[in-house]
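Working notes for the structure below.
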Amino acid sequence: MKKKNIFGWKYFESSDNWASPEWFCRNALVALNFLFTIIAWPFQSWPRVQSLMPSPSLTISVSTMVQTLINIYGTEEQKKKFLPPLCQGEEIASFALSESSAGSDAASLKTSAKKVPGGWTLNGNKLWISSAGLAKTYRVMARTGEAGPKGISAFLVRDGAPGFSYGKNEKKMGVRVSPTRELVFHNCFVPDDQLQDRGFHGVSGSCQKSTDRAA
1 MKKKNIFGWK YFESSDNWAS PEWFCRNALV ALNFLFTIIA WPFQSWPRVQ SLMPSPSLTI
61 SVSTMVQTLI NIYGTEEQKK KFLPPLCQGE EIASFALSES SAGSDAASLK TSAKKVPGGW
121 TLNGNKLWIS SAGLAKTYRV MARTGEAGPK GISAFLVRDG APGFSYGKNE KKMGVRVSPT
181 RELVFHNCFV PDDQLQDRGF HGVSGSCQKS TDRAA
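Read in order, the letters of the sequence shown correspond to residues 1 to 215 in my numbering.
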């Protein structure tokens, strides 16, 4: 088991891919520890476990949701690039949808993505993002076309991308180990090969995945 430190959770680091407890293997680079899935993962949904370790439960849930969405909607190149470090526990991922005027009404989001040579420029703000500043990969929803759900696309944005920064860490009553911060995009360039999908099906799929975990 690896001893790299992601905010102190050394027991989530494993060369056997224990950081991807729901993973369904599709190529040799991404492995599933199926025994861990059967034995360990259901415990994280127990109320007692969540009350004792809500931050790990939240962080793992969000990260594995993004892994699943990359597997479903990503290209083969995206899977090879983004999934290995996530599934091996070397990195975590986060999901960026909510805005000041787009919470439950996700289709009203205003973060924009404009086509430029070789990629896209993102402008806008995402609020209340779990694991912001810790995650290395963010699945960001932005408007690439018309108003409404059909004009929304998903982008895989890496920490450190030019024009991408973080707001202050929100003060919370609990779940403090999992940071909640704003994502700020100011002419943030994202290459074409990091556009994950076009249209609202990726957004609805994301919401369904999070609903499944809540249940």
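All C-beta atoms in this analysis are idealised placements derived from N, C-alpha and C, irrespective of residue type, glycine included.
Boundaries of the beta strand (DSSP E) in which residue i is found, first to last residue
i, result
"L109", "Counting along the chain, L109 falls outside any beta strand (DSSP E), and DSSP gives it neither H nor E."
"P85", "P85 -> not in any beta strand (DSSP E); alpha helix (DSSP H) instead, spanning 76-87."
"P191", "180-191"
"L97", "Here L97 belongs to no beta strand (DSSP E), and DSSP marks it neither H nor E."
"K168", "164-169"
DSSP-derived helix/strand/coil call for residue i
i, result
"L32", "Annotation note: pLDDT 41 at L32 (below 50); position unreliable, coordinate value reported separately. In the structure shown, L32 sits in coil (DSSP, three-state: anything other than H, G, I, E or B)."
"Q196", "strand"
"K233", "Not covered by the structure: residue 233. The range shown for the chain is 1 to 215."
"T144", "coil"
"S131", "coil"
Buried/exposed call for residue i, threshold 16 Cβ in 10 Å
i, result
"K126", "buried"
Beta-bridge pairing of residue i - partner residues as DSSP gives them
i, result
"W223", "Past the edges of the chain, shown from 1 to 215, lies residue 223, and the structure says nothing about it."
"T243", "Nothing can be reported for residue 243, as the shown portion of the chain is limited to 1 through 215."
For this session: Decide if the stretch 139-157 is in contact with the stretch 91-106; the criterion is three or more beta carbon pairs, one per stretch, under 8 Å apart.
Result: yes
For this session: Could you say if the stretch 102-109 and the stretch 180-194 meet the contact criterion of at least three C-beta pairs nearer than 8 Å?
Result: Put simply, the stretch 102-109 does not touch the stretch 180-194. Fewer than three CB pairs are less than 8 Å apart.
Exercise. Are the stretch 106-113 and the stretch 68-86 in contact at 8 Å, needing three or more beta carbon pairs?
Worked result: Segments in contact, no.
Exercise. For the 8 Å Cβ check, are there 3 or more pairs between the stretch 108-123 and the stretch 188-197?
Worked result: yes
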